[in-house]
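FYI, the numbering for the sequence shown is 109 to 222, going by this note's numbering.
Idealized CB from N, CA, C, for every residue including glycine.
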Amino acid sequence: MSANCLFCKIAARQIPAKIVYEDADVFAFADINAQAPTHLLICPKEHFASLEEATERHEGVLGRMALAAAKLAKEMNLGGGYRTVVNTGPGAGQTVFHLHMHLLGGREFSWPPG
Ligand code: AMP
Ligand code: ZN
């Protein structure tokens, strides 16, 4: 856990959030500022800031995140289409520096993204 990290504090239940999934490696919770009818954030329990900090050691947890997204999408009935997004760095809009995958669904999405 990183001392001043919002998402580490959510994982530790020090800050309230609607946690919808948890296993040994990964947890997922509702985004506080939802951009779609379903908007979840899927995070590794281990703190690392972004994909830029990921190493070979993280291969497993990165796979777990993607599989958790697919499982949650099924549970949320997002079969018509959903979007997973990982913003990396301020230039891409990353604002919380604990790796997270957005899972968005329940509406139409355009391409390219903004
Ligand atoms: P990003 O901009 O990719 O770093 O995404 C960070 C996301 O975290 C944003 O979509 C925020 O709405 C969300 N967020 C910030 N604070 C909280 C919180 N306390 N609980 C849930 N989601 C949060
Ligand atoms: Zn963290």
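With 16 other Cβ atoms within 10 Å as the buried cut-off, status of residue i
| i | result |
| --- | --- |
| THR203 | exposed |
| LEU175 | exposed |
| ILE150 | buried |
| GLY213 | buried |
| PRO221 | exposed |
| PRO152 | buried |
| MET109 | exposed |
Start-to-end residues for the beta strand (DSSP E) that takes in residue i
| i | result |
| --- | --- |
| CYS151 | 146 to 152 |
| ILE127 | 127 to 130 |
Alpha helix (DSSP H) segment containing residue i, residue limits
| i | result |
| --- | --- |
| LEU211 | No alpha helix (DSSP H) contains LEU211, which is instead part of the beta strand (DSSP E) from 209 to 213. |
| PHE135 | Counting along the chain, PHE135 falls outside any alpha helix (DSSP H), though it belongs to the beta strand (DSSP E) covering 134 to 138. |
| ALA119 | 114 to 119 |
Sequence-distant residues of its chain with Cβ nearer than 7 Å to residue i (five each side left out)
| i | result |
| --- | --- |
| ALA132 | none |
| GLN260 | The question about residue 260 has no answer here: the residues shown for the chain are numbered 109 through 222. |
| PHE205 | ALA157, SER158 |
| ALA177 | ILE150, THR192, MET209, LEU211 |
| VAL194 | LEU159, MET209 |
| THR196 | SER158, LEU159, GLU160, GLN202 |
| ALA229 | Since the displayed the chain opens at 109 and closes at 222, residue 229 lies outside it and no answer follows. |
Sequence-distant residues of the same chain with beta carbon closer than 6 Å to residue i, five excluded per side
| i | result |
| --- | --- |
| HIS147 | ASP139, LEU212 |
| PHE217 | ARG191 |
Q.
For a minimum of 4 consecutive residues, which ranges assigned as the alpha helix (DSSP H) are wholly contained in the segment 157 to 200?
A. Qualifying alpha helix (DSSP H) stretches, in chain order: 167 to 183.
Q) Would you call the segment 168 to 182 and the segment 114 to 126 in contact, with 3 or more CB pairs under 8 Å? A) The segment 168 to 182 vs the segment 114 to 126: no contact.
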